[in-house]
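In the UniProt record's numbering, the protein residues as written are 1 to 896. Notes follow once the structure below has been shown.
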């Protein structure tokens, strides 16, 4: 019998199952060492419940006749309550009635599920809300006594701002910048920490550092705004202690807490942190602190009822990796610059700092050098600098920022006066949302391998609490269009379901605030600015309401994400303005559109002025969104909606044809993006499709295989070529090394994906445009092509219940492989070719399939192909094709 493994609740990964927002969590499990004839026909769940005070303990078993092992319903009609811990295990039966062994257990503990569970006050520093400059951090403290032996203790805590907690001088948890960034006017996340081991018998002290973060610090364009969501930071904390006799005691934030200013004099997301070690307060979070000018806190009004106190659904941001400098540079002006070899997001930690009291060290950050000096111009109004003032003494000091982050590869260090070797005294700490890696790719082309690594690093840097557009300049905002286009690729690289589900809830909220029009950025930091707060509908950016949930459903097969976001989708479809002066189904032509944003032909100062008619781009995405929402309505058993949207899609397609396409398949905008979108979104008749594919191929060849698309067309460009039978042209474009191309940045030393195709010019100078980032994931959507076509691994049924291995063989690539962590387990494929007598090539394809997945393996066989359908196990297939062809030699049909 097989072994059951990987039992888990919902989409949570350990250790993120403490204090969750669930009352009836679904369960999933996987199988290992599965015999070929095994088939689950039933399962038994054993559920152990325990209350917070240990007073109630129950065990229940539930046997269910079902072949399902993914997101099976919570078996108990009684929903979970606040603070309740459940432990589960499962076993399964096959068709012969034999049972597997019990799985290992999985545990989950709920948080505070009701506002009435919160008994604490909201407290703040008394020195005044509404500061117009960066405010120093606040230190909060409270001493307390435990009256008996502690069996369990939980700290429930959140802040309007960002915080770090300590108990008896020891840090609580490992989160970075909690509680994270949400639409604070609607949702404030809290965290739950197990602090049992931090408490002592008798006297104790809890301390909390608090800084402005996104809540009231400066955020936004052209100087941004302060106090967007509130005039001042505030703290809510509730420590709940269970003693061995079952008694519960609570310590809550109230008027008895004390507060003072801490050594962090400035803590800004954009501008960095200024830390004065001379102002440190010894033992501030320990019992008996006698230093500092402590004041009673200000008790504020309760948090408004419209703000949901929630645990959220995404993983926390953590410090996930440490990188050492690869080179120390002395610039022409004599500055000391460390090169960490990788463009990343996080901060620099300094160790063994020695020097006189009051001496200052400054760390300045940038992604690139220009003329061998630190290049900070692309940061715009963003200092991105940390400053440390020494307290002095013989002992080496250590400094690392707590409440800021930077996007950088290079760090300039001014004022280093120690005789300690700088190379061993500085390290970069990488920070991002702690997502679990879900895939890998490699091939025989080293530059494509580096491109994939660049895409991966770009995603890591920009998935920090919310999916941002860039992590370094005065922006770092949750742009909806970037995510709308990148979401299918993101799912292949990391398990980002929880984070994106969490973000989409805020997308829906911001949409309500703007009367049905989604925000361009979520959380909507542009609200105070009538210029940047665009309330007019915009294609692609606002289509995120449909495109992102659909991508998450395709990856997981979880209908709940579609249920959660369905109102947001339909509201967008109702709000989207249609043409009032002619056809009634296409976009209103009076609406300004961003179109194929950052088309390489667009001027540096006008990235929307690309070659492709922006209205045509908008209407192509409108039809795509209508197709998807019709399918979504069918999945959610809403037949009337499905029929309405399907009919709308048909009529809009007809009007698109009449407006933009000739009978022979030429398109009004004779551009790469126009043909790409028409092909990929299936907007053409079969005959038109053939001609459009040929014209796209001609345009690419005419452009010397350079990319001619921006945000809208790039994710689908190579795929459109391949689907219309031009695999070699697709590979020529994929492997082109001169600008604009995917590999041009790689040849220039890039370690992340750039915002512009020419963010750095061939002579090493930086693009003069104001909007120039070197870490922008949008163009990294090509990684999906690497998975699905170069390696050949693609999902063809939601949740990877069915997948296909069908490599497209082109260029000089002789081998490739990919792995992906599906809901059922890891699927793997690899292939390699071998030349035979200079006339024929043989190909060997290897596949590993987990239980619960059916895989179609498409093997080239001369000018034809054969399909092998396999289930769980390891498989190998042989095939061949003529040397003067690359396979597939025939066009592929449109994706369903």
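Backbone N, C-alpha and C fix where the C-beta goes; we use that ideal spot for every residue, glycine too.
Residue 361 is bridged by DSSP to 388.
Check the Cα spacing between residue 421 and each of 434, 354, 746: the tightest is with 354. Taken atom to atom, the span from the alpha-carbon of residue 842 to that of residue 859 is near 11 angstroms. With contacts defined as CB atoms closer than 8 angstroms, residue 849 and residue 869 fail to qualify as a contacting pair.
Scanning its chain for C-beta atoms nearer than 6 angstroms, with the 5 sequence neighbours on each side dropped, one finds around residue 401 the residues 273, 347, 386, in chain order. A distance below 8 angstroms separates the beta carbons of residue 156 and residue 238.
Per DSSP, reduced to three states, the secondary structure at residue 12 is coil, with no helix or strand assignment. For residue 429, the CB contacts under 7 angstroms within the same chain, skipping 5 residues up- and downstream, are 319, 322, 346, 347, 349, 400 in chain order. When only Cα atoms are considered, residue 557 and residue 41 end up about 20 angstroms apart. For residue 733, the enclosing alpha helix (DSSP H) has its first and last residue at 727–734. One thing to note: residue 629 has its Cβ within 8 angstroms of the Cβ of residue 546.
Note on geometry: alpha-carbon atoms of residue 311 and residue 205 lie some 25 angstroms from one another. With contacts defined by Cβ atoms closer than 8 angstroms, residue 337 and residue 410 form a contacting pair.
193 is the residue among 160, 193, 145 whose C-alpha sits nearest the C-alpha of residue 16. Scanning its chain for C-beta atoms nearer than 6 angstroms, with the 5 sequence neighbours on each side dropped, one finds around residue 619 the residues 586, 587, 656, in chain order. The C-beta distance from residue 333 to residue 268 rounds to 26 angstroms, too long to meet the 8 angstroms contact threshold. Taking all protein chains in view, the Cβ of residue 343 is crowded by 16 or more other Cβ atoms within 10 Å, so the residue is classified as buried. Bounds of the alpha helix (DSSP H) holding residue 689 are 686–702.
Going by DSSP, residue 797 is part of the beta strand (DSSP E) stretching over 793–797. Burial check for residue 716: the Cβ neighbour count within 10 Å reaches 16 or more, so the residue is buried. For the region 484–566, the continuous alpha helix (DSSP H) assignments of 4+ residues that do not extend past its boundaries occur at 497–513, 544–556, in sequence order.
Here residue 252 is not near residue 126, since their CB atoms are 8 angstroms or more apart. Going by C-alpha positions, residue 759 is about 18 angstroms away from residue 781. Unbroken beta strand (DSSP E) stretches of 3 residues or longer found wholly inside the region 714–774: none. Residue 764 is classed as exposed because its beta carbon has fewer than 16 other beta carbons within 10 Å across all chains shown. Contact annotation: residue 465 and residue 181 have beta-carbon atoms nearer than 8 angstroms. With a threshold of 16 other beta carbon atoms within 10 Å, residue 166 meets it and is buried. Here the C-alpha atom of residue 635 lies approximately 26 angstroms from the C-alpha atom of residue 39.
Per DSSP, the unbroken beta strand (DSSP E) holding residue 268 starts and ends at 264–268. When 861, 829, 867, 825 are compared, the shortest CA-CA separation from residue 852 is found for 825.
Per DSSP, the beta-bridge partners of residue 153 are 241. Approximately 13 angstroms separates the beta-carbon atoms of residue 120 and residue 301; this is outside 8 angstroms, ruling out the contact. Looking at the DSSP output, residue 375 shares a beta bridge with 368. In this structure, 660 is the residue among 244, 602, 660 with its C-alpha nearest to the C-alpha of residue 616. The region 701–719 and the region 633–648 do not touch, with fewer than three beta-carbon pairs separated by less than 8 angstroms.
Residue pairing by DSSP places residue 861 opposite 864, 880 in a beta bridge.
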